[in-house]
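First comes the structure, then the notes that go with it.
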Amino acid sequence: MNDVIPTIDRYVASWNETDPARRRALIAQTWTEDARYLDPVLSGDGHDGIDAMIARFQAAYAGNQVRRTSDVDAHHDRVRFGFEIGPDGGPALAGGLDIGELAGDRLRSITGFLDFAPAPAGQ
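Going by the working numbering, the first residue of the sequence shown is number -14, and it counts up by one from there.
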C-alpha cells in the first residue's frame, strides 16, 4: 500500500513543523475532522486538539525531531510504523510504534506505543 506513505510522511512532518499556520495546514490535509490521537503521555481530539497537543510536545522536546524508523505496513484501513524522537543526527531519546486507522487518504486515529522513553522528572 505505497499510496499511504504520503499520508504518513505528512503526519510525521506535522510533528516537526514549528510554524503554526503550516502545521495547521498539514493537520487538515492529514487528519479527518473527527480524528483522535492517543499514546501513554499525549492525547488530542479533532484538528484543534491535535494541533495543541503537537505544540505542547514541541515545547517539551524543543530541538528534537520525530522520525519514521520503519517501512509503513498497511492493510485494509489500518497502518503501522516505527518512530523515534531525537535531535537531528543524534541518538533517539524515545521511540515506539504507531498504529493508525485510515479514512481514505487521511488518518482517523493513531494509537502510539512507547518502546523506550526518558523516565519522568524526579524518578
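Note that CB positions come from ideal geometry on N, CA and C, so glycine has one too. Quick caveat: nothing in here was measured; it's all calculated off a predicted structure.
Please work out which residues of its chain come closer than 8 Å, Cβ to Cβ, to residue i, disregarding the five sequence neighbours upstream and downstream, and give them in chain order.
i	result
isoleucine 70	Tyr46, Asn49, Gln50, Val51, Arg52, Ala77, Leu78, Ala79 and Gly80
arginine 63	Ile84, Gly85, Glu86 and Leu87
Determine the DSSP secondary structure at residue i, reduced to helix, strand or coil.
i	result
proline 72	strand
serine 94	strand
leucine 99	strand
aspartate -12	helix
If you drop the 5 nearest sequence neighbours on each side, which residues of the same chain put their C-beta closer than 7 Å to that of residue i?
i	result
glycine 152	A question about residue 152 goes unanswered here, because the residues of the chain that appear run from -14 up to 108.
tryptophan 16	His32, Ile35, Arg91 and Leu92
Who are the Cβ neighbours of residue i in its own chain at under 6 Å, not counting the five residues just before and after it?
i	result
aspartate 24	Gly97
* **Runs of beta strand (DSSP E) lying entirely within the stretch 20 to 44, each at least 3 residues, in chain order** => 28 to 30
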